[in-house]
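> Protein chains in written order, with our numbering: chain A, 1162 to 1300; chain B, 44 to 137.
Cβ atoms here follow ideal geometry from the backbone N, Cα and C, with glycine treated the same way.
On a predicted model such as this, the values are computed, not experimentally measured, just so you know.
#1: Taking 9 Å as the threshold (beta carbon to beta carbon), is residue 1228 (chain A) in contact with chain B?
#2: In the DSSP assignment, find the alpha helix (DSSP H) that holds residue 58 (chain B) and state where it starts and stops.
#3: Please state the DSSP three-state secondary structure of residue 99 (chain B).
#4: Please determine if the segment 1266-1286 of chain A and the segment 1218-1225 of chain A are in contact, where contact requires at least 3 C-beta pairs separated by less than 8 Å.
#5: Within 10 angstroms of its Cβ, does residue 1214 (chain A) collect 16 or more other Cβ (buried), or is it exposed?
#6: With 9 Å as the threshold, decide whether the Cβ of residue 109 (chain B) is near any Cβ in chain A.
#7: Just to make sure I have the definition right: I need the residues of chain B whose C-beta is within less than 8 Å of the C-beta of residue 1238 (chain A). Which are they?
#8: By how many angstroms is the C-alpha of residue 1236 (chain A) removed from the C-alpha of residue 1184 (chain A)?
#9: Please say whether residue 1262 (chain A) and residue 1279 (chain A) have beta carbons closer to each other than 9 Å?
#10: Counting contacts by CB-CB distance shorter than 9 Å, is residue 1184 (chain A) in contact with chain B?
#11: Whether or not the segment 56-70 of chain B and the segment 1251-1260 of chain A are in contact is what I'm after, with contact meaning three or more pairs of Cβ atoms, one per stretch, closer than 8 Å; do they touch?
#12: Closer than 7 Å, Cβ to any Cβ of chain A: which residues of the segment 121-134 of chain B, in chain order?
#13: Residue 1283 (chain A): buried (16+ other C-beta within 10 angstroms of its C-beta) or exposed?
#14: Pop quiz: residue 1205 (chain A) and residue 108 (chain B) are said to be a contact at Cβ under 8 Å. What is the actual Cβ separation, rounded to whole angstroms?
#15: Which of the three DSSP states is assigned to residue 1240 (chain A) in this structure?
#16: Apart from the five residues just before and just after residue 1135 (chain A), which ones in its own chain have a Cβ nearer than 8 Å to its Cβ?
#17: Quick check on the burial criterion: 16 or more other C-beta atoms within 10 angstroms. Buried or exposed for residue 1238 (chain A)?
#18: Would a check of beta-carbon distances place residue 1252 (chain A) closer than 9 Å to chain B?
#19: Against residue 1217 (chain A), what residues of chain B qualify as contacts under a CB-to-CB distance less than 8 Å, listed in chain order?
#20: How is the alpha helix (DSSP H) around residue 65 (chain B) delimited, first residue to last?
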């Protein structure tokens, strides 16, 4: 009896360790696309206490990239384009205070769009802090 | 002739109910020794398994800057995508 109990506890512990990761709707929307590499980084660490979820789309070729640009209304043809996007429809630009929202960054040269899920002002500040810290390190 | 065979553990439980464990310990010292070894082995294996899984998870949680990665391709390791997420953040400023 005790042995069975130990086995059950062990199995529950292992099951907890291998729990499935929550899939964001944004990731689900693009995961079936053959011409785009889609990745979701859950719990991306910005500092000791703040984490955000990130979704990254990388177009395989120019045609796929042009499709993505149209889909997200990206007009620039070079450099980085960034905006705060609606949490359900990231194409729509929203104000910084309309949280939760996506912080979206599109890189033309890399044919990449990254979405960082900002749930509250603490996460937003942490994201800015992360960018600032790395800017200082790069200098 | 049919024999009613009883395991040592069943016998032990019977004796426990009857309050005769002490006598059983004296009568079957070899059984008791094996029982102790069996139980100690099982406990050791369980503790080691739990400790290893905990250590494994802890090591990964402190080393990597993310909890988990999902991807529709298997081309790159998980750490690649965490690096991309980090790099893009710095690109905006540069």
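With the structure as the only source:
#1: no
#2: 51-61
#3: helix
#4: yes
#5: It counts as buried.
#6: yes
#7: Within 8 Å Cβ-Cβ: nothing; residue 1238 (chain A) doesn't reach chain B, min ~16 Å.
#8: 29 Å
#9: Taking C-beta atoms as the reference points, residue 1279 (chain A) and residue 1262 (chain A) count as a pair closer than 9 Å.
#10: yes
#11: no
#12: 124, 125, 127, 128, 131, 132, 133 and 134
#13: Exposed: under 16 other Cβ atoms inside 10 Å.
#14: A Cβ-Cβ distance of about 7 Å is found for the pair residue 1205 (chain A) and residue 108 (chain B), placing them in contact under the 8 Å criterion.
#15: coil
#16: It is not possible to answer for residue 1135 (chain A), since the shown part of chain A is limited to 1162 through 1300.
#17: exposed
#18: no
#19: 124, 127, 128 and 131
#20: Element bounds for residue 65 (chain B): 64-70.
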